[in-house]
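The structure appears right after this line, and notes come after that.
Residue numbers (my numbering): 113 to 428.
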């Protein structure tokens, strides 16, 4: 539910609500199409991490979902949002001054318009690029989870928590954003048509901007650039306030920045989901194996297989 300033007339409030309903249908339809694809849910999903991450996940029984505006690579989010920005700017360039002002506010206002948190997995548990990028340059670990059990605990039948395979198709991303902007564009000029007063007009357009920004952000998270296709990413997405079993937003430090995140308690509902721990190809096998065993012995109840990646790779 979006807050509705009392200054907005009822018929315009109704128009905003219709857009929100249409946008939700567009997003949900695409999400359902992702989830219905053959092999959409791989039987096992893999989470790459370093030694500190392994201990933390086992000791706390929690996985971190990071605020999308604090992801390691900001270009990933920019790529997901750029089609919407480009489409809006092109439409506005030939439109009224009001539409051009709206397009500028739309482009600049993403971070203030809602928080989304993601946790990344992969359907590939022994991929060199991910060992290098996400697991201490091959010296870390991969945790292998049973997808069905982990996902069921995360989503709990709640429509605001979802899990899906990432898509690497820019044309689909552009089409999805185009549908959203097509439905919103004529609503931008509605205050002029209704001869709405200035303050009420601003309230209306700000409300409309937020209602567009939220589904555009959500749509962007379904996609990554095709150069990352080898990762075969599988995402858990959380929209706060959805009743998913997580803690409140926390903050951790990164060099010269603070990172917002939420914790997903996977162990309480799906302790058996952890199937295997894989040691990285560049790790000291003996030490890394002993560390994994010690962590399991200290923090985990159950039997988990420990294996080693056989990729010939030596970290520099």
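Positions of the beta carbon are idealized from the N, C-alpha and C atoms, including for glycine.
Owing to the predicted nature of the structure, the values given are computational and were not obtained by experimental measurement.
Apart from the 5 residues on each side of it in sequence, residue 318 has no Cβ closer than 7 Å to any other Cβ in its chain. A check of alpha carbon separations from residue 425 across 274, 249 and 360 identifies 249 as the nearest. With a cut-off of 8 Å on Cβ pairs, the stretch 194–202 is in contact with the stretch 285–299, counting three or more such pairs. With respect to the 8 Å criterion, residue 157 and residue 257 are classified as neighbours on the basis of their beta carbons. Between residue 381 and residue 265 the beta-carbon gap is near 4 Å, inside 8 Å, which marks them as a contact. Burial check for residue 241: the Cβ neighbour count within 10 Å stays below 16, so the residue is exposed. The beta-bridge partner set that DSSP reports for residue 366 consists of 369. Note: residue 277 is bridge-paired with 346 in the DSSP secondary-structure output.
Residue burial is scored here from C-beta neighbours: residue 234 has at least 16 other C-beta atoms within 10 angstroms and is therefore classed as buried.
Counting only the Cα atoms, residue 122 lies some 44 Å from residue 364.
About 30 Å separates the beta carbons of residue 293 and residue 374, which is beyond the 8 Å limit, so they are not a contact pair.
Here residue 254 is buried: its Cβ has 16 or more other Cβ atoms, across all protein chains shown, within 10 Å.
By the neighbour-count definition (other C-beta atoms within 10 Å, threshold 16), residue 159 is a buried residue. By the neighbour-count criterion, in which 16 or more other beta carbons inside 10 Å mark a residue as buried, residue 385 falls on the buried side.
Of the residues assessed, residue 268 falls on the exposed side of the cut-off, its CB having fewer than 16 other CB atoms within 10 angstroms. Comparing C-alpha distances from residue 137 to each of 338, 315, 295 and 389 shows the shortest one belongs to 295.
As the crow flies, the alpha-carbon of residue 396 is around 32 Å from that of residue 261.
As summarised for the stretch 200–282, the continuous alpha helix (DSSP H) elements at least 4 residues long and confined to that stretch are 209–220, 240–246 and 259–267, given in chain order. Of the candidates 299, 222, 244 and 232, 244 places its Cα closest to the Cα of residue 423.
For residue 193, same chain residues with a beta-carbon under 6 Å away, outside a window of 5 residues either side, are 332 in chain order. Note: residue 377 is bridge-paired with 174 in the DSSP secondary-structure output. C-alpha of residue 405 to C-alpha of residue 412: approximately 10 Å in a straight line.
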